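S.K.:
In the numbering used here, the protein residues as written are 4 to 261.
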């Protein structure tokens, strides 16, 4: 149905070695992406991801999105090799600890912001000039329903995602008229390694006993799959969403309604 949706497009996907990022990279390739470059910290996971995705339309770079020099150089390398950047999917993120405000360490708080906020900012900062030069580009950032509602034990993660939502609207307001669109997607619980880590943390908190089935999953009573979130991301990245700018697409199975 969408075989040529991303024909001739050059894309970067952060956090592309696993979870939602891998699902987004996979769909971009399946839907005609000319080259999808996945950024991730884990070289071993990157190699495994390329083995699954296939090297003909996918490459990788080991990049720490919290390191400005690495981000700048990696983006310059993409442009040098492939000529441009049409698409940026900012999927890299960490949950941080599940803890009350008074028990949350400042070092953990800064670490969560370094990846979720500063990493998202740096990727936009260094990709946008190339998109603006070509009068074409589309960016999707990863917010969360936790950035919309104030759930307990999420002071780091939740507030960082609120910041991502704000940055998305700031950047969208500055662009849009120049052919560059910036939007974000807000998942709820997603069945990834991150969720397993959170469940492990919950077992040692005042939410003892939570499982994937007993979490506050919302009206659909289950976490989403990475592919279900990727469906929304790839729509926003595509020209089918060419009149969508500065929007936050909630894809949480009704979690914020519950």
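We put the beta carbon where it would ideally sit given N, CA and C, even for glycine. Quantities reported herein were computed from a predicted structural model and do not represent experimental measurements.
Check whether the stretch 47-64 touches the stretch 125-144, counting contact only when three or more Cβ pairs, one atom from each stretch, lie closer than 8 Å.
M.R.: No, because fewer than three Cβ pairs between the stretch 47-64 and the stretch 125-144 fall closer than 8 Å, the two stretches do not touch.
S.K.: Going straight from the alpha carbon of residue 156 to that of residue 111, what length do you get?
M.R.: Taking the straight line from one Cα to the other gives about 13 Å.
S.K.: Pull up the CB-CB distance for residue 229 and residue 192, whole angstroms please, since I reckon it's below 8 Å.
M.R.: About 12 Å; that fails the 8 Å criterion.
S.K.: Straight-line CA distance for residue 18 to residue 11?
M.R.: So the two alpha carbons sit approximately 22 Å from each other.
S.K.: With a cut-off of 8 Å on the beta carbons, I'd call residue 264 and residue 34 a contact; round off their distance for me.
M.R.: Examination of residue 264 is not possible in this model, given that the chain is present from 4 through 261 alone.
S.K.: Measure from the alpha carbon of residue 44 to the alpha carbon of each residue in 74, 27, 37, then state which is nearest.
M.R.: The candidate whose alpha carbon is nearest that of residue 44 is 74.
S.K.: Given this structure, state the Cα-to-Cα distance separating residue 93 from residue 123, to the nearest angstrom.
M.R.: Residue 93 and residue 123: Cα-Cα distance of roughly 6 Å.
S.K.: Report buried or exposed for residue 113, applying the criterion of at least 16 other Cβ atoms within 10 angstroms of its Cβ.
M.R.: Residue 113 comes out exposed.
S.K.: Under 7 Å between the Cβ atoms of residue 188 and residue 135?
M.R.: No, the Cβ-Cβ distance between residue 188 and residue 135 is not below 7 Å.
S.K.: Quick check on the DSSP output: what are the complete beta strand (DSSP E) runs of length 3 or more inside the stretch 97-155, in order along the chain?
M.R.: Here the runs fully enclosed are 140-145.
S.K.: Throw me the rounded Cβ distance for the residue 27 and residue 16 pair, which I believe falls under 8 Å.
M.R.: Going by Cβ atoms, the distance from residue 27 to residue 16 rounds to 5 Å, so yes, they are a contact pair.
S.K.: What separation, rounded to the nearest whole angstrom, lies between the Cα atoms of residue 149 and residue 175?
M.R.: The straight-line gap from Cα to Cα measures roughly 21 Å.
S.K.: Whole angstroms are fine: how far does the CA of residue 252 sit from the CA of residue 258?
M.R.: Cα-Cα distance, rounded: 13 Å.
S.K.: Which residue marks the beginning of the beta strand (DSSP E) containing residue 15, and which one marks its end?
M.R.: Taken as a continuous stretch (DSSP letters only), the beta strand (DSSP E) holding residue 15 covers 13-17.
S.K.: Check for me: the alpha helix (DSSP H) holding residue 189 runs from which residue to which?
M.R.: Run containing residue 189: none in the alpha helix (DSSP H); it sits in the beta strand (DSSP E), 183-190.
S.K.: Determine the extent of the alpha helix (DSSP H) in which residue 7 is found, giving its start and end residues.
M.R.: Run containing residue 7: none; DSSP gives neither H nor E here.
S.K.: Per DSSP, what kind of secondary structure is residue 170 in: helix, strand or coil?
M.R.: Helix.
S.K.: Among the candidates 79, 80, 158, whose CA atom is the shortest distance from the CA of residue 105?
M.R.: Of 79, 80, 158, the residue nearest in Cα terms is 158.
S.K.: Under three-state DSSP, which class holds residue 43?
M.R.: Three-state result, residue 43: strand.
S.K.: Residue 247 and residue 190: beta carbons closer than 7 Å?
M.R.: No. Outside cutoff.
S.K.: By the three-class DSSP mapping on this structure, what secondary structure does residue 241 have?
M.R.: It is coil, neither helix nor strand.
S.K.: Do you know offhand how far residue 115's Cα is from residue 151's?
M.R.: Rounded to whole angstroms, residue 115 to residue 151 spans 17 Å at the Cα level.
S.K.: Beta-carbon within less than 7 Å of residue 36's beta-carbon, same chain only, minus the 5 sequence neighbours each way: which residues are those?
M.R.: Correct list, in chain order: 9, 12, 14, 60.
S.K.: Compare the Cα-Cα distances from residue 161 to each of 85, 172, 88, 147 and report the closest residue.
M.R.: Checked all of 85, 172, 88, 147; the closest Cα to residue 161 is 147.
S.K.: Label residue 30 either buried or exposed according to how many other C-beta atoms from any shown protein chain fall within 10 Å of its C-beta, with 16 as the threshold for buried.
M.R.: Residue 30 comes out buried.
S.K.: May I have the straight-line CA-CA distance separating residue 172 from residue 261, to the nearest angstrom?
M.R.: If you take the alpha carbons of residue 172 and residue 261, they lie about 26 Å apart.
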